[in-house]
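Residue numbers (the UniProt record's numbering): 1 to 112. Written below as structure tokens is the structure these notes are about.
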Amino acid sequence: MILIHASAASELAIQSEALAEFEAAHGAVIGELSTTGELIDTHELEVPGAKVVRTNGGLSVTNGPFAETTEWVGGYYIIDVASEDRAIEIAARFVEARYAAVEVRALGLPPL
Numbered sequence: 001m002i003l004i005h006a007s008a009a010s011e012l013a014i015q016s017e018a019l020a021e022f023e024a025a026h027g028a029v030i031g032e033l034s035t036t037g038e039l040i041d042t043h044e045l046e047v048p049g050a051k052v053v054r055t056n057g058g059l060s061v062t063n064g065p066f067a068e069t070t071e072w073v074g075g076y077y078i079i080d081v082a083s084e085d086r087a088i089e090i091a092a093r094f095v096e097a098r099y100a101a102v103e104v105r106a107l108g109l110p111p112l
């Protein structure tokens, strides 16, 4: 899985400095991974309307991410690749990696 982090600063920088490159990179990666069969799913995550759910002592639902949050997950790719190196190679192609974290994580086993 690739988690693409974002912040107000990273979004502003991409919009002002690298929007065409950002769109081209995602389009190229989606096209390539679709062709190779490595792409399982991908989505951009909307910040407005996000909710934080807690159940300690009862159900609590609050709007989030919180105002003090400086970075959030802006999108994800679920990929099926042969190696961690391949996942890192894909993650490094995103413009966001210049401005914020792009995280590569292995998915755990599905529940029994």
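By construction, the Cβ of each residue, glycine as well, lies at the ideal position given by its N, Cα and C atoms.
Glutamate 44 - containing beta strand (DSSP E), residue span: 39-44
When the Cα atoms are used, what is the spatial distance from residue 147 to glutamate 44? An answer regarding residue 147 cannot be provided, because it is not within the stretch 1 to 112 covered by the chain.
Minimum length 3: unbroken beta strand (DSSP E) runs contained in the region 3-33: none
Cutoff 6 Å; reference arginine 105; Cβ partners in own chain excluding five residues on either side: Met1
Smallest Cα separation from tyrosine 76: which of Thr70, Ala87, Thr36, Gly37? Ala87
#### Entry: Continuous beta strand (DSSP E) stretch holding glutamate 84: start and end
Where glutamate 84 is concerned, there is no enclosing beta strand (DSSP E), although the alpha helix (DSSP H) it sits in stretches over 84-91.
Report task. With asparagine 63 as the anchor, note down where its beta strand (DSSP E) starts and where it stops. Result -> 60-63
**Item:** Assigned exposure category for glutamate 21 - 16 Cβ within 10 Å defines buried
**Value:** exposed
Can you tell which of Trp72, Ala18, Ala25 has the C-alpha that lies nearest to the C-alpha of isoleucine 90?
Ala25
Buried or exposed: which applies to glutamate 17, given that a residue is buried once 16 or more other Cβ atoms fall within 10 Å of its Cβ?
-> exposed
Checklist line | Top-ranked residue by Cα proximity to threonine 35, from Ala92, Val81, Ala97, Phe94 | finding: Val81
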